[in-house]
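Protein chains in written order, with the working numbering: chain V, 243 to 566; chain X, 243 to 566. Where is the CB? At the ideal position from N, CA and C, for every residue including glycine. In this text the structure is predicted, and so the values were computed from the model without any measurement. Accompanying notes for the structure given below.
Okay, structure coming up:
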């Protein structure tokens, strides 16, 4: 097995190769742009890593791995339009730098390119790869739909929230891993366990993201603390707080949620205080660790040498302990 | 072989079956809506017809045919956003009835569903089907990109225009036919000739559309005469007129193109007069028939019984003679 940074380098190399072969048409400029914005390239790294884990040939996974990264970037491109986001990784979003039409259409063509790349595999794996990718792509769209729907709903429950983050982000983590396993001829059972490891780890990661937004160290976390609170985002913490609040706390929370004119620091402080009173961080932590443990249980079922299991265990730990 | 109307009925039956199995999520409401708006269902009919022509089993083509119709509707959904179109087949467009976000995301999920359906074929055809569909989907995006780009360009040439309509609409006609042929085990050569028949017929059809917009009988054509002229659309006629215009005619054309305040009937009459002076209809007719003849040449190369070739010939004639 290689270091994560080595897999990242391989992904970057493949992206550069692709960029060099790019068709000279303005349609593809936003595609190159968003793919160049960086990020940890977590998903394609997981595909390569999974192929390596099962003793497959990394070169057989390059294109599919890049396809997963392309699909992820396609979702970012269209999500940024829907969220009217001005920035992505500190740079202008595509619809800001170009326009909405360019962002829609470049997203569409990037989506097709993702299909092309993901399915650039040996014939014997094609049906399994295609089925996995199709199901995942549909689920990711459904997750984004639920996320948008929740913005205008007052009664989102915790199970609904978990289902949304699972569809919107976690299934793609599971898909990236399973894809690598399929391409390395892993058994169906190992593929499934690796998939569930990824999905549950993804859910744990997402809940932790909600916690860190409020309780994280801004410098380490790399985002503005309280961003979700300022955006009234229905996170695990807010949903749980609304569920458990006393009449008094509920009144205060809703006051802040409906205020259009406020001081940001005051709002973050006030809402955080209510969260702290209600111990929602502790509850979120508990559920986060439950999903983490669930993921490790699936990991331990995988039929691989102990050192490979330990490699994934280390990876999971590093991912979850990112701010400690 | 069946009547075209019988293939249409089969397509409608399959669409109803699909609607009955629909997942209960608001995301899919715009999908059901756009698929229910009707139309001639030309593309899926072509897939079924091609399978029948080569003696394949129609049932093996149902899903792929529906996938082609879904893909076509996905492009309509996103194109209508980009064109800011209020109506589609006389009904509200999806972004008008819902909103832009719903139209983007429902389009995306419809696109994945199209992939699922198109590739629901026997394993032995999967790679060929997937490669054809991937290439076509990329070309259709490129065609839409060129169409948008041409709106702001003054110097679009006839070859560029032909390339645009080929990518935006004709390759999907070729793809629908070739798909049906693949699924009926037609030879590679026959597949290719059928594809080229479709692409060239599609180009002829599109040029004729430009002619009919100006010179068609409104009642028979089913659209407002002069709609392209009012929209300053760079059609074959306008590009040719701008190319061949005298200084005087050019000045007059550009005056009308740049006028923001005008009487619609006056504008259509004035621009049509210049078209007529320059005989652009005759030139467009000539090129239209050249592409038609080209398509028939490819048709005649196909290794099929004469009655099957004649069936396609009749189909091509009916398509092109739609307003006579």
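- Note on the region 439-484 of chain X: whole alpha helix (DSSP H) runs with a minimum of 4 residues are 460-463 and 469-472, in chain order.
- With contacts defined as CB atoms closer than 9 Å, residue 418(X) and residue 308(X) fail to qualify as a contacting pair.
- Taking 8 Å as the upper bound on Cβ-Cβ separation, chain X lies near residues 368, 369, 372 and 376 of the region 367-378 of chain V.
- The beta-carbon distance between residue 347(V) and residue 269(V), rounded to whole angstroms, is 7 Å. This is short enough to meet the 8 Å contact definition.
- Residue burial is scored here from C-beta neighbours: residue 507(X) has fewer than 16 other C-beta atoms within 10 angstroms and is therefore classed as exposed.
- Under the criterion of beta carbons closer than 8 Å, residue 455(X) and residue 470(X) qualify as touching, at roughly 4 Å.
- Between the alpha carbons of residue 411(V) and residue 402(V) lies a gap of roughly 14 Å.
- Of 302(X), 353(X) and 530(X), the smallest CA-CA separation from residue 366(X) is found for 302(X).
- Think of a sphere of 8 Å around the beta carbon of residue 343(X): the chain V residues whose beta carbon falls inside it are 323, 324 and 390, in chain order.
- Under DSSP, residue 329(X) takes part in a beta bridge, and its partners are 334(X).
- Annotation: Cβ neighbours of residue 268(V) in chain X (cutoff 9 Å, chain order): 387 and 391.
- By the 16-neighbour rule on beta-carbons within 10 angstroms, residue 473(V) is exposed.
- Between residue 393(X) and the set 382(X), 381(X) and 406(X), the nearest pair of CA atoms involves 406(X).
- With fewer than 16 neighbouring CB atoms inside 10 Å of its own CB, residue 263(V) falls in the exposed class.
- Excluding sequence positions up to five before and after residue 438(X), its CB lies within less than 6 Å of the CB of 540, all in the same chain and listed in chain order.
- Per the C-alpha coordinates, the member of 397(V), 500(V), 535(V) and 495(V) positioned closest to residue 519(V) is 495(V).
- In the same chain as residue 349(X), and ignoring 5 residues on each side of it, the C-beta atoms closer than 7 Å to its own belong to 316, 319 and 320, in chain order.
- Counting the other CB atoms within 10 Å of its CB gives residue 476(X) a total of 16 or more, which places it among the buried residues.
- Residue 504(V) is classed as exposed because its beta carbon has fewer than 16 other beta carbons within 10 Å across all chains shown.
- Taking 9 Å as the cut-off, the beta carbon of residue 243(X) is found closer than this to the beta carbon of residue 294(X).
- Taking C-alpha positions only, residue 291(X) is separated from residue 559(X) by approximately 16 Å.
- Rounded to the nearest angstrom, the Cβ distance from residue 423(V) to residue 296(V) is 6 Å, consistent with a contact under 8 Å.
- An exposed status is given to residue 274(V), since fewer than 16 other beta-carbon atoms sit within 10 Å of its beta-carbon.
- Contact with chain X is absent for residue 453(V), since none of that chain's Cβ atoms lies less than 9 Å from the residue's Cβ.
- Annotation: residue 327(V) to residue 434(X) spans about 45 Å, alpha carbon to alpha carbon.
- Listed along chain X, no residue sits closer than 9 Å to residue 397(V) by beta-carbon distance, the nearest being about 15 Å off.
- Between residue 512(X) and residue 531(X), the C-beta gap is not smaller than 9 Å, which leaves the two residues out of contact.
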